[in-house]
Amino acid sequence: MMVLAPATVQEAVDLTYAAFDYADRDMNPVLILADGVIGTMMEPVELPEMKSDEEIAAIRAGKAKWACTGHQLDYANRAWIQPGQWDTKKMQAENEKAAAMYATWEKDIMVEEYQVEDAEVVIAAYGISGRIGKSVVDICRAAGKKVGLIRPITVHPFPYASFDHINYDVCKAVLDVEMSIPAQLVQDVQAGVKGRCPIETCLCSGGNIMSREAVLEAVDAILAK
Amino acid sequence: MEKIYSRTKTIQEDKVSGFCPGCMHSTVVKLIGEVLEEMNIVDKAVMITGIGCCGLHMDYIAYDTITAPHGRACAVATGMKRTSPDSLIFTYQGDGDFASIGLGESISAANRGENVTVIFINNGIYGMTGGQMAPTTLLGMKASTAPKGRIAEEHGYPMHMCEILNQLTAPYYLERTSCNTPQNVIKTKNAIKKAFQNQLDGKGFSMVEIVSNCPTNWGLDPLDTLDFIEEKMLPEFPLGVIRDRSKEGV
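Top line first, the protein sequences correspond to chains A and B.
For the first sequence, numbering that gives the first Met the number 0 begins at 0 and goes up steadily by one.
For the second sequence, numbering that gives the first Met the number 0 begins at 0 and goes up steadily by one.
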């Protein structure tokens with residue numbers, strides 16, 4: 000399924016609305032992967048416009064064929080929602096259709112590439128780690144250090160192509176920043192970097208929130224090499 | 000010659016259900032279909048089946064149906080009734096689905112007084128999965144996971160769901176019936192009708208618990224299962240109306 004990772008409360012709002020639309024479009028679940036700290040933060044947000052009663056009625060009418068709300072007694076037209084197919088051939092066909100649908104998600108990739116083009120260190124991070132990473136980029140750039148950020152917003156589909164936008168002639172390392180020990184995002188980062196530069200990690204876990212100071216130290220350690 | 004009785008049109012003529020010969024699921028599914036036709040609400044009906052033998056007729060009946068994840072029929076019913084209040088939402092669940100894996104959802108839906116109808120088939124065993132012990136299995140009754148029979152010290156006691164739900168304030172109507180005699184078949188049909196009417200009248204949570212059989216996993220001939228129900232099941236699960244708030248004039 001698609002996995003969306005907000006880094007701000009506004010993003011949490013926008014991605015939640017988007018999640019419903021993606022789920023509706025694909026008839027497939029969508030996961031909103033929000034860090035716990037997003038759930039406890041308070042930030043001002045702008046909510047989208049409410050849909051009108053007419054719009055909602057039109058949406059419901061569009062689903063009348065398959066929605067289980069009762070139909071005229073007619074076997075061919077009844078709604079039947081089930082978790083799979085009894086027939087194994089039919090079930091495989093369903094899985095093949097699903098696989099084809101997953102392959103179309105590349106067009107839905109959302110990523111923030113921030114000051115990546117000339118960066119000597121590129122931070123890879125999502126969610127609150129991504130937000131902290133962006134703050135680290137700003138602090139470093141103000142001090143004349145060339146640091147950038149790749150922040151996946153869709154963690155799946157993953158923005159592997161963003162790692163092709165790094166200038167590997169100047170980039171000393173990609174710094175994988177995540178609140179996970181052992182590191183997990185790093186596996187996708189490895190698949191994106193394809194060995195073109197070293198990958199370092201800056202990690203914490205157990206409910207600790209990533210420390211900006213730890214990330215700054217990790218950046219400096221790379222720049223010092 | 001005049002045709003005075005025919006099979007309910009809610010059952011497809013050319014389909015075969017998954018039920019074993021002599022299983023009361025066949026009877027109950029037929030009764031549900033007849034009640035829906037008599038009340039003229041077939042086109043509003045949505046059945047939410049659990050997992051188990053209770054789900055073996057998905058392809059057999061002609062009204063809308065959803066197969067809920069195991070045990071979660073009451074949760075699905077909650078969502079469906081709240082978003083489609085004009086539909087007649089009823090669950091069709093066995094003892095494992097309703098009282099074991101689904102116990103949390105079942106009690107919570109009853110406690111919230113959701114305006115849905117539960118048809119709970121209690122045959123004291125897990126049918127489809129091969130005869131394991133259920134929450135409602137009798138003491139001394141053999142099951143594949145209790146080969147020497149249910150022992151209180153190891154397995155606890157059979158669970159009485161009507162009586163458990165009767166401890167909650169919200170439920171409106173709780174009745175236990177069976178299909179082991181012609182009179183009881185008629186009583187079951189009347190109970191289902193009453194439970195459906197309660198929903199149409201917006202009265203809240205109704206349940207019909209139907210003490211049923213399992214010739215295959217009880218290891219008995221279908222006719223002998225009727226004796227087993229009479230002699231063993233009914234003393235443990237007495238038939239009758241456990242709660243009917245219409246008597247209070249609500």
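Virtual Cβ for every residue (Gly too), placed ideally from N, Cα, C.
Own chain residues within Cβ distance below 6 Å of residue i, not counting five before or after
| i | result |
| --- | --- |
| B/V117 | T90, M206 |
| B/H56 | S16, V28 |
| B/Y125 | G95, Q131, A133 |
| B/S105 | C73, F97 |
| B/L225 | N179 |
| B/A109 | L164, L167, P170, F204 |
| B/T64 | M46, M57 |
Residues near residue i by beta carbon distance below 7 Å, same chain, minus five either side
| i | result |
| --- | --- |
| B/D85 | K43 |
| A/A11 | P5, A33, I37 |
| B/C19 | P214, T215 |
| A/C67 | A78, I80 |
| B/I241 | C161, E162, N165, L173, E174, R175 |
| B/V34 | K188, I191, K192, F195 |
| B/E113 | A76, T77, K80, F204 |
| B/N121 | D94, T135, E208, I209, V210, S211, F236 |
| A/D187 | F157 |
Assumed close pair residue i, residue j - CB separation to whole angstroms, cut-off 8 Å
| i | j | result |
| --- | --- | --- |
| A/A6 | A/R130 | 4 Å |
| A/T153 | A/L30 | With 8 Å as the limit, A/T153 and A/L30 do not qualify as a contact, their Cβ atoms being about 11 Å apart. |
| B/F204 | B/V115 | 7 Å |
| A/M178 | A/S210 | Not quite, the Cβ-Cβ distance comes to about 10 Å (not below 8 Å), so this is no contact. |
| B/I209 | B/F119 | 7 Å |
| B/G101 | B/R71 | 6 Å |
| A/Q114 | A/G147 | 4 Å |
Buried versus exposed, by CB contacts within 10 Å (16 or more), residue i
| i | result |
| --- | --- |
| A/D163 | exposed |
| A/N76 | exposed |
| B/V249 | exposed |
| A/M41 | exposed |
| B/K2 | exposed |
| B/T128 | exposed |
| A/E116 | exposed |
| B/R149 | buried |
| A/T103 | exposed |
| B/Q198 | buried |
| A/K133 | buried |
| A/S51 | exposed |
| A/I58 | exposed |
| B/D220 | exposed |
| B/L87 | buried |
| A/W65 | exposed |
| B/F227 | buried |
| B/I185 | exposed |
| A/P156 | buried |
| B/Y4 | exposed |
| A/L184 | buried |
| B/N183 | buried |
DSSP-derived helix/strand/coil call for residue i
| i | result |
| --- | --- |
| B/N122 | coil |
| B/M79 | helix |
| A/Q84 | coil |
| A/H155 | strand |
| B/V45 | strand |
| A/I122 | strand |
| B/R175 | strand |
| B/T11 | Going by the sequence as given, residue 11 of chain B is Gln instead of Thr. If DSSP states are grouped into helix, strand and coil, B/Q11 belongs with coil. |
| A/E177 | strand |
| A/V44 | coil |
| B/E162 | helix |
| B/V249 | coil |
| A/Q91 | helix |
| A/R195 | coil |
| B/M23 | helix |
| B/D220 | coil |
| A/A4 | coil |
| B/F18 | coil |
| B/Q198 | helix |
| B/Q182 | helix |
| A/D117 | coil |
| B/E37 | helix |
| B/G93 | strand |
Close-in-space but distant-in-sequence residues of the same chain around residue i (CB under 8 Å, 5 per side omitted)
| i | result |
| --- | --- |
| B/I60 | T9, I10, Q11, V28, G32, M46 |
| A/V110 | I149, R150, P151, I152, T153, P158, S161 |
| A/M100 | D25, N27 |
| A/M0 | N27, P28, V29, L30, H155 |
On the three-pair Cβ rule with 8 Å, is the region 24-38 of chain B touching the region 203-216 of chain A? no
Between the region 155-162 of chain B and the region 130-144 of chain B, are three or more C-beta pairs nearer than 8 Å? yes
Count the C-beta pairs between the region 164-178 of chain A and the region 113-125 of chain A that are closer than 8 Å, then say yes if the count reaches three, no if not. yes
Residues within the region 80-98 of chain A neighbouring chain C, beta-carbon criterion of under 7 Å: Given the protein chain composition of this structure (A and B), no chain C is represented.
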